[in-house]
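Novice: Could you have a look at this structure, given as C-alpha cells, before my questions?
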Amino acid sequence: YQRRVRGVSYFSRVLYTNQFEQEVMNRLFGTSKAKGPAPNLTDSIASLDGRGDSVEKKIQKLDIELKRYSDQMRKMRDGPSKNMVKQKALRVLKQKRAYENQLEGIRNQSFNMEQTNYTTQMLKDTKGTVDAMQSGLKEMKREYKKVNIDKIQDLQDDLQDMMEDANEIQEIMGQQYGMPEIDDSELEAELDMIGEGMFDDDMSYLDEAAAAPTDIPGSSAREEPAASQLDEFGLPALS
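Read in my numbering, the sequence shown has 271 at position 83, and its numbers run on one by one without any break.
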C-alpha cells in the first residue's frame, strides 16, 4: 500500500513539473493560434474596396476643408493671419495628395485582383464546360453502341420492299375483267369521228331564234328625229 501511494505521488510530481514547464514556455514564446480559412480573392477585393471607400471619404473631407481655407484667404489681407491660414491649407493639401496616392494604389491592387479573379473564374467555367462535353461524349458513345446500323439499313430495305409489294397488289386488284381486246388505233379513229360529227347535227333552232322579232308586244316604235331637226346640243330644234 505504501509503495502504491509513493508511486502515485511520484507521478503527480512529474505531471505537475511538466505542466509548469509548458506554462513557462507558453509565456516566453506564446502559443500557436488555430489557423483560419485561407483568404480568397473575393474577400480580398471586398476588403480593398472598403479601404478605398474610406480613403475617398477622407479626401472629400479634406476638399471641404481646403475650400473653407481658400474662401478665408480670399477675404483676408496679406499678413501673418493670412499666412497662418495658408500654412494650414498647404498641410491639408499635402494630406490630400498622400491620400490620393494611397487611393490610386488601392484601386490598382483591386483591379489586378479582379482581373485575376475573372481569369480564375473563366478557367473554372472552361473546365466545367470541358467536363460536360466529355460526359456528353461518353454518353453518346454508350448510346451509339446500342444502335446497329446494319439493322437500320435492313429495316429500310424491308420497308421499301413492302411498299413495292403493296403497289403491285394495288395494280393487280385494279385490273378489269371481261373486257374485249380492242386495238388502240381503232379507238383513236372512232374518237376523231366523234369529234368531227359532234357539230353536224340539225342546228336550225339557232336560225329560228335569230329571226324571231325583238319588239315587245303592245309597244310601238318611236321615230327618231332627223339630224337636220336637232340643234347644236343634239336636242330637237324648236320651230
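Each residue gets a CB set at the ideal place from its N, CA and C atoms; glycine is no exception.
None of these values were measured; they are calculated from a predicted model.
Tell me whether residue 287 is buried or exposed, calling it buried when 16 or more other Cβ atoms sit within 10 Å of its Cβ.
Specialist: buried
Novice: Does DSSP put residue 248 in a helix, a strand or coil?
Specialist: The DSSP-derived three-state label of residue 248 is helix.
Novice: Where does the unbroken alpha helix (DSSP H) through residue 228 begin, and where does it stop?
Specialist: From DSSP, residue 228 is part of no alpha helix (DSSP H); its letter is neither H nor E.
Novice: Kindly provide the ranges of any beta strand (DSSP E) runs that are 3 or more residues long and lie completely inside the region 275-321, ordered along the chain.
Specialist: Within the region 275-321, not a single complete beta strand (DSSP E) segment reaches 3 residues in length.
Novice: Specify, as a first and last residue, the run of the alpha helix (DSSP H) that residue 345 falls within.
Specialist: 337-361
Novice: Whole angstroms are fine: how far does the CA of residue 285 sit from the CA of residue 298?
Specialist: 20 Å
Novice: Is the beta carbon of residue 291 closer than 8 Å to that of residue 238?
Specialist: Using a Cβ distance threshold of 8 Å, residue 238 and residue 291 do not count as a contacting pair.
Novice: Does the region 271-285 come within contact of the region 247-258, defined as at least 3 CB pairs closer than 8 Å?
Specialist: yes
Novice: Comparing alpha-carbon positions, which option in 325, 280, 258, 343 lies nearest residue 247?
Specialist: Comparing C-alpha distances from residue 247 to each of 325, 280, 258, 343 shows the shortest one belongs to 280.
Novice: Taking the CB atoms as reference points, tell me whether residue 305 and residue 233 lie closer together than 8 Å.
Specialist: Taking 8 Å as the Cβ cut-off, residue 305 and residue 233 qualify as a contacting pair.
Novice: Kindly indicate which residue of 243, 377, 277 has the alpha-carbon position closest to the one of residue 256.
Specialist: 277
Novice: Would you check if the distance between the CB atom of residue 294 and the CB atom of residue 236 is smaller than 8 Å?
Specialist: yes
Novice: Hey, residue 243 and residue 261: beta-carbon distance below 8 Å or not?
Specialist: no
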